[in-house]
Amino acid sequence: MGIRPVAISVDSPETSRDLCQKAGYTYTFLSDPKAEVIRRYDLVHSGAGENGEDIARPGEFLLNSSSTVRWVNLTENYWVRARPEQILEAAKALD
Amino acid sequence: MRFKDFNWPIWIGFLLTIASFISYPTLFVRFPATRDFPWATLLLFGISLMFLLIGVRRAFSSSSRARSKVLASLFVLLGVLILGTFIVTFFVVATWLPASKGAPQVGQKAPEFRLTDTNGRQVSLAELLSSPINGKAPRGVLLVFYRGYW
Chain A
1 MGIRPVAISV DSPETSRDLC QKAGYTYTFL SDPKAEVIRR YDLVHSGAGE
51 NGEDIARPGE FLLNSSSTVR WVNLTENYWV RARPEQILEA AKALD
Chain B
1001 MRFKDFNWPI WIGFLLTIAS FISYPTLFVR FPATRDFPWA TLLLFGISLM
1051 FLLIGVRRAF SSSSRARSKV LASLFVLLGV LILGTFIVTF FVVATWLPAS
1101 KGAPQVGQKA PEFRLTDTNG RQVSLAELLS SPINGKAPRG VLLVFYRGYW
């Protein structure tokens, strides 16, 4: 599909590496331990982390090659995520 | 106590209530069809409530001892509490998310950033958008922000 998936959370590189190994993920996982980028994207969920730290609320952004947002999914329930079909539809329409 | 005196419906009901609660995060969460609306879990809860009610009726039948009535009532109460906890966790607590009104919207440029990947390497958004996938330039990038692994 030519889309690069990139996962971002406050998890450390070690924790993400652990998760990738256990789940067999091969795509890019980035660490934002101080939630700086998460804050810039206005996705901070204050104190919701396991130890009361700030974490990201779930959100997905599909960007085209010029970094313009073409599709956004900000779930209203953190158990509910975008389905692959929805993302594929959005990816097909990418300019 | 003879086998036919044993109130097995109440026990099945209670154990099934616990199994129903556990079923969501361990099994049903893996499939979008049962994850996005937990109908399968609610169905299991429904079946367990049925057994609890059968068990309660049995415990309160005239031939039963007081101890059976207390135990059965306790199990029903616990069962309802467990179901209540699931419902509140899924339909209420999970929706306590910030509004994120300032998040980039369709048509806006995504803020640039530089973060560390799992190999300890610093990666920028510009690189993610340009470094080739299987020899070809990416058509785009999907940023997936998530709560974390715990």
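Residue numbers (my numbering), protein chains in the order written: chain A, 1 to 95; chain B, 1001 to 1150.
C-beta atoms are modelled at their ideal positions from N, C-alpha and C, and glycine is treated no differently.
Quick caveat: nothing in here was measured; it's all calculated off a predicted structure.
C-beta atoms of B/Ser-1100 and A/Leu-43 nearer than 8 Å: Contact: yes.
Go ahead and label B/Phe-1145 buried or exposed: buried means 16 or more other beta carbons lie within 10 angstroms of its beta carbon, across all protein chains shown. Its Cβ being crowded by 16 or more others within 10 Å, B/Phe-1145 is buried.
A/Ile-87 to B/Phe-1028, Cα distance in whole Å? Roughly 21 Å separates the two Cα atoms.
In the DSSP assignment, what are the bridge partners of A/Ala-7? Residue pairing by DSSP puts A/Ala-7 in a beta bridge opposite A/Phe-29, B/Val-1144.
Starting from the Cα of A/Asp-11, find the closest Cα among B/Thr-1118, B/Leu-1142, B/Val-1123 and give me that residue. The residue from B/Thr-1118, B/Leu-1142, B/Val-1123 with its alpha-carbon nearest to that of A/Asp-11 is B/Thr-1118.
Using 8 Å as the limit for Cβ to Cβ distance, is B/Arg-1139 near chain A? So yes, B/Arg-1139 belongs to the interface.
Should B/Gly-1046 be labelled buried (16 or more other beta-carbon atoms within 10 Å of its own) or exposed? Counting C-beta atoms within 10 angstroms of its own C-beta, B/Gly-1046 has fewer than 16 neighbours from the protein chains shown and is therefore classed as exposed.
Please say whether A/Leu-19 and B/Tyr-1149 have beta carbons closer to each other than 8 Å? Taking 8 Å as the Cβ cut-off, B/Tyr-1149 and A/Leu-19 qualify as a contacting pair.
4 or more residues per run - each alpha helix (DSSP H) lying fully within the segment 1030-1067 of chain B: DSSP runs (the alpha helix (DSSP H)) wholly in the segment 1030-1067 of chain B: 1032-1035, 1039-1059.
With a threshold of 16 other CB atoms inside 10 Å of the CB of B/Ala-1126, please say whether the residue is buried or exposed. Burial call: exposed.
If you follow the beta strand (DSSP E) that A/Phe-61 is part of, which residue opens it and which one closes it? For A/Phe-61, the uninterrupted beta strand (DSSP E) run begins and ends at 59-64, by DSSP.
Would A/Ser-46 be called buried (16 or more neighbouring beta carbons within 10 Å of its own) or exposed? Residue environment analysis places A/Ser-46 among the exposed positions, since fewer than 16 neighbouring C-beta atoms fall within 10 angstroms of its C-beta.
Under 8 Å (Cβ pairs) to chain A, residues found in the segment 1018-1036 of chain B: Taking 8 Å as the upper bound on Cβ-Cβ separation, chain A lies near residues Val-1029, Pro-1032, Arg-1035, Asp-1036 of the segment 1018-1036 of chain B.
Endpoints, the alpha helix (DSSP H) within which A/Arg-17 is located: Going by DSSP, A/Arg-17 is part of the alpha helix (DSSP H) stretching over 13-23.
So with Cβ pairs under 8 Å, would you call A/Ala-35 a contact of chain B? Answer no: the Cβ-Cβ gap between A/Ala-35 and chain B never drops below 8 Å.
Kindly indicate the opening and closing residues of the beta strand (DSSP E) around A/Trp-71. Where A/Trp-71 is concerned, the enclosing beta strand (DSSP E) stretches over 69-73.
Check whether B/Leu-1016 and B/Leu-1044 have beta carbons under 8 Å apart: A contact, by the Cβ cut-off of 8 Å.
With distances taken between CB atoms, is the gap from B/Phe-1086 to B/Thr-1041 smaller than 8 Å? Cβ atoms of B/Phe-1086 and B/Thr-1041: closer than 8 Å.
Identify, in the order they occur along the chain, each residue of the same chain with its Cβ nearer than 7 Å to the Cβ of B/Ser-1048, setting aside the five sequence neighbours on each side. Once the five neighbours on either side are set aside, the close Cβ partners of B/Ser-1048 are Gly-1013, Leu-1016, Thr-1017, Ser-1020, Gly-1079.
Partners in chain B for A/Glu-60, counting only beta-carbon separations shorter than 8 Å: Correct list: Leu-1142, Leu-1143, Val-1144, Phe-1145.
A/Gly-2 versus chain B: which residues are under 7 Å apart at the beta carbon? Using a Cβ-Cβ cut-off of 7 Å, A/Gly-2 is close to Ile-1133, Lys-1136, Pro-1138, Arg-1139 of chain B, given in chain order.
For B/Ile-1022, list the residues DSSP reports as bridge partners. When beta bridges are read from the DSSP output, B/Ile-1022 appears opposite no residue.
Report the residues of the segment 2-23 of chain A with a CB closer than 7 Å to any CB of chain B, ordered along the chain. Cβ contacts with chain B: Gly-2, Ile-3, Arg-4, Pro-5, Val-6, Ala-7, Ile-8, Ser-9, Val-10, Asp-11, Pro-13, Thr-15, Ser-16, Arg-17, Leu-19, Cys-20.
Could you list which residues in chain B have their beta carbon closer than 7 Å to that of A/Leu-94, in chain order? Simply Arg-1139, Gly-1140.
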